[in-house]
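Chains Y and P supply the protein sequences, listed in that same order. Everything in the first sequence is counted per my numbering, starting at -13 for the first residue and increasing by one. Everything in the second sequence is counted per my numbering, starting at -10 for the first residue and increasing by one. Ideal Cβ positions, reconstructed from N, Cα and C, are used throughout, including at glycine.
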Amino acid sequence: DAGVIQSPRHEVTEMGQEVTLRCKPISGHNSLFWYRQTMMRGLELLIYFNNNVPIDDSGMPEDRFSAKMPNASFSTLKIQPSEPRDSAVYFCASSSRDTNQPQHFGDGTRLSIL
Amino acid sequence: AQKVTQAQTEISVVEKEDVTLDCVYETRDTTYYLFWYKQPPSGELVFLIRRNSFDEQNEISGRYSWNFQKSTSSFNFTITASQVVDSAVYFCALSEASGGYNKLIFGAGTRLAVHP
């Protein structure tokens, strides 16, 4: 079975540019999570969705960050405009709330803002 | 307040040594889950184990074992006869019933280096 798929794996862009990260959850999973990993703050939850609906976005650092889940098999995390301090590894994870499955993570997107 | 504490920042061992990674957690919930994830040098996060707060039985899976003790709020992870492939950062995490089990609260991680 395919795991959580994230794209791109690496992204390097200049500050001020819009960045879009993509995630395809495991088929059948109805919860999706976006995490950010930095040296300073470790792994932190940004936002999560249940059945495509955003439930808690309290971890989103500021209005420059937005996330959408238009359907059960796709989610995006957008940063506009990007800043150097946004440089981090962004992970997407999914789980099945109905069957109480643990979260399984994608390989992450390593984002560098110059 | 930090809810998951991994006091060991880095551990270095020689192959075939046993090593224990410590995890101490803090929660007011009586129902919660505890997890261990592995992050190898390639960067992905790999799920290793989940324990329910009502199940204090120790678990063994091959060279891996986990010791859950509610009395000390600890969920320690032991690797027996370590191998170079065990080199990774290991994260302990907590999810609480009050959060709908949705939010994983991670510790800072322990970097394990196993040398030949």
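**Study point:** N- and C-terminal bounds of the beta strand (DSSP E) containing M55/Y
**Key:** Counting along the chain, the beta strand (DSSP E) containing M55/Y begins and ends at 51 to 57.
Check your understanding: At a cut of 8 Å, does the region 58 to 67 of chain Y reach the region 9 to 21 of chain Y through at least three beta carbon pairs?
Key -> The region 58 to 67 of chain Y is in contact with the region 9 to 21 of chain Y.
Point to revise | Closer than 8 Å to chain Y by CB, F80/P | key: So, interface residue.
Review point. Given that a residue counts as buried once 16 or more other Cβ atoms are within 10 Å of its Cβ, and exposed if not, what is T9/P?
Key: Exposed, because fewer than 16 other Cβ atoms sit within 10 Å of the Cβ of T9/P.
Practice item. Might you give, ordered along the chain, the residues of its own chain that have their beta carbon closer than 6 Å to the beta carbon of V13/P, omitting 5 neighbours on each side? Key: If we look at V13/P and ignore the five residues flanking it on each side, its Cβ neighbours are T(-6), S62, S63.
Practice item. Taking the CB atoms as reference points, tell me whether F19/Y and A79/Y lie closer together than 8 Å. Key: Against a cut-off of 8 Å, the Cβ pair of A79/Y and F19/Y comes out as a contact.
Check your understanding: From D75/P to D72/Y, what distance separates their C-alpha atoms?
Key -> Their Cα atoms are separated by approximately 30 Å.
**Study point:** Inter-residue Cα distance where the pair is Q72/P and E33/P
**Key:** Approximately 19 Å, taken between the alpha carbons.
Exercise for review: Mind listing the chain Y neighbours of F43/P? Cutoff is C-beta to C-beta under 8 Å, in chain order.
Suggested key: Using a Cβ-Cβ cut-off of 8 Å, F43/P is close to nothing in chain Y; its nearest Cβ partner there is about 14 Å away.
Review point. For chain P, is any of its Cβ atoms less than 8 Å away from the one on I41/Y?
Key: I41/Y counts as touching chain P.
Exercise for review: Determine which residues of the region 57 to 76 of chain Y have a Cβ less than 8 Å from any Cβ of chain P, and write them out in chain order.
Suggested key: Contacts with chain P (Cβ-Cβ distance below 8 Å) from the region 57 to 76 of chain Y involve V75, listed in chain order.
Point to revise | Partners in chain P for S80/Y, counting only beta-carbon separations shorter than 8 Å | key: What S80/Y touches in chain P: nothing, since even the nearest Cβ is about 12 Å away.
Practice item. Could you list which residues in chain P have their beta carbon closer than 8 Å to that of S13/Y, in chain order? Key: Here the premise fails: no neighbours, minimum Cβ distance about 17 Å.
**Study point:** Backbone CA spacing between M55/Y and P40/Y [nearest angstrom]
**Key:** If I take the Cα positions, the gap works out to 8 Å.
Check your understanding: Based on the DSSP output, what are the partners of E30/Y in its beta bridges?
Key -> In the DSSP assignment, E30/Y is bridged to R22/Y.
Exercise for review: Give a yes or no on whether 8 Å exceeds the smallest Cβ distance from F57/P to chain Y.
Suggested key: With 8 Å as the cut-off, F57/P does not count as an interface residue toward chain Y.
Review point. Would DSSP call S73/Y helix, strand or coil?
Key: Look at S73/Y here: in three-state DSSP terms it is coil, with no helix or strand label.
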